[in-house]
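In our numbering, the protein residues as written are 439 to 553. Quick notes on the structure that follows.
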């Protein structure tokens, strides 16, 4: 499997949110391939694309990567769960994890082409 030979990985798949909004599932890639990733001897770096939504409402104050995560919506809470899952998974490996919390670039009226 190609994943077992990877040295670098960028995870862009959004986490799955359950229909009852109470059970936030782990990242889909980890759900399917966690054992392969955990047994990898070659994996050096993982980049995980998350969202600034994990910061939640800070009342207009500036936030940075050290800010408290105050999200209350199910999608952002699922992102936080996935971030923690990646940290736990890679803690036992000698692999670096960088989390990129991208701003709201997707959704209605957020496309310069107005498609």
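Every residue gets a Cβ at the ideal spot worked out from N, C-alpha and C, and that includes glycine.
Review point. Beta carbon of residue 516, beta carbon of residue 453: below 7 Å?
Key: For this step, residue 516 is matched to residue 78 along the chain shown. For this step, residue 453 is matched to residue 15 along the chain shown. With contacts defined as CB atoms closer than 7 Å, residue 516 and residue 453 qualify as a contacting pair.
Practice item. Identify which residue in 535, 539, 538 and 531 has its Cα closest to the Cα of residue 479. Key: To locate residue 479, count along the chain shown from 1; it is residue 41. Comparing Cα-Cα distances from residue 479 to each of 535, 539, 538 and 531, the minimum goes to 531.
**Study point:** Option in 445, 506 and 451 with minimal Cα separation from residue 481
**Key:** Here residue 481 corresponds to residue number 43 of the chain shown, with the count starting at 1. It is 445.
Review point. Just how far apart, CA to CA, sit residue 490 and residue 529?
Key: Position 52 of the chain shown holds residue 490. Position 91 of the chain shown holds residue 529. Using only the alpha carbons, I get a separation of about 23 Å.
Check your understanding: In this structure, does DSSP put residue 540 in helix, strand or coil?
Key -> Working through the chain shown from its first residue, we reach residue 540 at position 102. In the structure shown, residue 540 sits in a strand (DSSP, three-state: E or B).
Review point. Hey, out of 443, 464, 474 and 526, whose CA is closest to residue 512's CA?
Key: Locating residue 512 in the chain shown gives position 74, where the first residue counts as 1. Residue 464 is the option with its Cα nearest to residue 512.
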